[in-house]
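In terms of the numbering used here, the sequence shown is residues 1 to 424.
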Amino acid sequence: MKASELKKLLAEGALGAYTALYADPAKQAKRMTDAIDAFTALYGEDRDISLFSVPGRSEISGNHTDHNHGCVLAGAIDRDIIAVAAKNEDGVIRFHSEGYPEDTVDLSDIDAPTHFKNYSSASLIAGLAKGFTKSGYAIGGYDAYSTTEVLKGSGISSSAAFEVMIGNVLNYFYNDGKVSNVEIAKLSQFAENVYFGKPCGLMDQTACAVGGFVYIDFENPTEPVIEPIDFSLTAAGYALCIVNTGGNHANLNEDYASVPAEMKAVAAAFGKEVLRGLTEDELFEKIPALRETVGDRAILRAIHFLRENGRVKKIRTALKEKDTDAFLTLVRASGDSSFKYLQNVYTNQNPSEQGLSLALALTEGFLTGRGGACRVHGGGFAGTIQVFLKAEDADAYCEKMDKVFGHGAAMKFRIRPLGATKLF
């Protein structure tokens, strides 16, 4: 489809078919039209273009469980990355993200991860392309321009959405859309681990790729059990809010790395690589010895894992049974466990900065007498909290939190039922 044709479709209300994805189709149509104009300015008007979308995600439950082969529950949200793209015959992927320089990857030179700078977008593009070929899928060149509402640092997985988008375009352009979204998520994880240079689980990519509420069991991490769950937060009368409390001036890499390392240190004391399969009774029997070898915090983090893993399964049941009260009770328990046992709400390197703790305290005060739940969101130590509250309270809540953390810090979301897709 030519750019002029797609712009005409958008102007005529074609996004009306995607009301489940976009609360304000007119606003999104303008956003997409602007992206088309940006693409044509970069790559020419006389191209056959397609328009792609990948949502961000919110972790619902399973805080720091995936790396020890646990269970998680996540949801795709109605903020997405969109890409306008066209095939080329150059064997090159050119990807221009709004506000950043263009990334260019020659597909004849993707075999060696060391050819690409760690933590670069180009490394992710090369890694996805290599993952596709390694798995027997076709690849080819394309030019793309993207713009995103999945903002970096907002805790809704901007990097995972970007990775899935790279694979999403390769899927539709060169594989007739036959590569499953679950497989694209796995290839995205490969790209991030091997080419980008960052160890990661599979939750973020799966939630972005699959859409809706999704339960994931990583007992077998190479073949996780993935189960979409049909539950409408909107129909239940609740809204999801995420509050960005800002970063922390400390370097948090050691804090993040300490969580899986300490959990696995406890597992090693039982001859295991990960905590999955250990029981709380077994852990209790060894606590005196473990206090001497791994320390109390590692034991507390192991307790969090074991209980959180059970909570995820209970939340899955609550959602399937449309039991909103049970869901909220379990979310609150997840948040309490993260604060007390996982201890990822602030960093001991910089205890004077506790944005997450402050946001949780203010939120609990707001929710008193109103109902709802709140918890740390994602990796923790700084960043975002997650809040479920009655829809009629959401605007007042966001206004309150913005006064403390800045305009736009509190964001309202819907759960998006569709994952990675080609819109037009």
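Where is the CB? At the ideal position from N, CA and C, for every residue including glycine. Every value quoted in this text rests on a predicted model; they were computed, and no experiment measured them.
For residue 388, the closest alpha carbon among the candidates 252, 242, 130 is that of 242. DSSP places residue 105 in the strand class (E or B) of the three-state scheme. Rounded to whole angstroms, the Cβ separation of residue 269 and residue 290 is 6 Å, and the two are in contact under 8 Å. Put simply, the stretch 322-330 does not touch the stretch 294-308. Fewer than three CB pairs are less than 8 Å apart. The three-state secondary structure of residue 274, taken from DSSP, is coil.
Around the beta carbon of residue 338, a 10 Å sphere encloses 16 or more other beta carbons of the protein chains shown; the residue is thus reported as buried. Only residues of its own chain outside the window of five on either side were considered, and among them 22, 25, 28, 29 have a CB closer than 7 Å to the CB of residue 15, listed in chain order. Three or more pairs of CB atoms, one per stretch, sit closer than 8 Å, so the stretch 86-101 contacts the stretch 131-141. Judged by pairs of C-beta atoms under 8 Å, the stretch 55-69 does not touch the stretch 31-39, as fewer than three such pairs exist. By the CB criterion at 9 Å, residue 178 and residue 168 fall outside the cutoff.
Scanning the stretch 43-89 for uninterrupted beta strand (DSSP E) segments of 3 residues or longer gives 50-61, 71-87, listed from N- to C-terminal end. If you look at residue 244, you'll find it isn't in any alpha helix (DSSP H); it sits in the beta strand (DSSP E) that goes 238-244. Between residue 101 and residue 195, the C-beta gap is not smaller than 9 Å, which leaves the two residues out of contact.
Counting other Cβ atoms within 10 Å of its Cβ, residue 55 reaches 16 or more and is therefore classed as buried.
Under the 8 Å Cβ criterion, the stretch 224-231 counts as touching the stretch 205-214, having at least three qualifying pairs.
When only Cα atoms are considered, residue 116 and residue 197 end up about 10 Å apart. Residue 331 is positioned such that its CB atom lies no closer than 9 Å to that of residue 376.
Considering only 272, 122, 149, 267, the residue with the shortest C-alpha distance to residue 57 is 149. From the listed residues 32, 267, 72, the smallest Cα separation to residue 309 is found for 72.
Selection 103, 108, 381, 398 evaluated against residue 248 yields 381 as nearest (Cα-Cα). Per DSSP, the continuous beta strand (DSSP E) segment holding residue 374 begins and ends at 372-377. One Cα belongs to residue 232, the other to residue 111, and the distance between them is close to 43 Å.
If you draw a straight line from the Cα of residue 166 to the Cα of residue 20, it is about 23 Å long. Annotated as distal: residue 363 and residue 244, with beta-carbon spacing of 9 Å or more. Between residue 81 and residue 123, the C-beta spacing is not below 9 Å. Closest in alpha carbon position to residue 294, among 273, 347, 316, 267, is 267. Counting other Cβ atoms within 10 Å of its Cβ, residue 60 reaches 16 or more and is therefore classed as buried.
In this structure residue 48 is exposed. Its beta-carbon is surrounded by fewer than 16 other beta-carbon atoms within 10 angstroms. Contact check for residue 145 against residue 84 passes: the beta carbons are separated by less than 9 Å. When secondary structure is reduced to three states using DSSP, residue 176 falls in the coil class, being assigned neither helix nor strand. When the five nearest sequence neighbours on each side are left out, the beta carbons in the same chain lying within less than 6 Å of the beta carbon of residue 236 are those of 324, in order along the chain.
Boundaries for residue 98: no alpha helix (DSSP H) harbours it, and the DSSP string shows neither H nor E there. The C-alpha of residue 258 is placed about 18 Å away from the C-alpha of residue 272.
Scanning its chain for C-beta atoms nearer than 7 Å, with the 5 sequence neighbours on each side dropped, one finds around residue 366 the residues 397, 400, in chain order. A straight line joining the alpha-carbon of residue 413 with that of residue 158 spans about 15 Å. Out of 63, 4, 10, the CA that lies nearest to the CA of residue 44 is found in 4.
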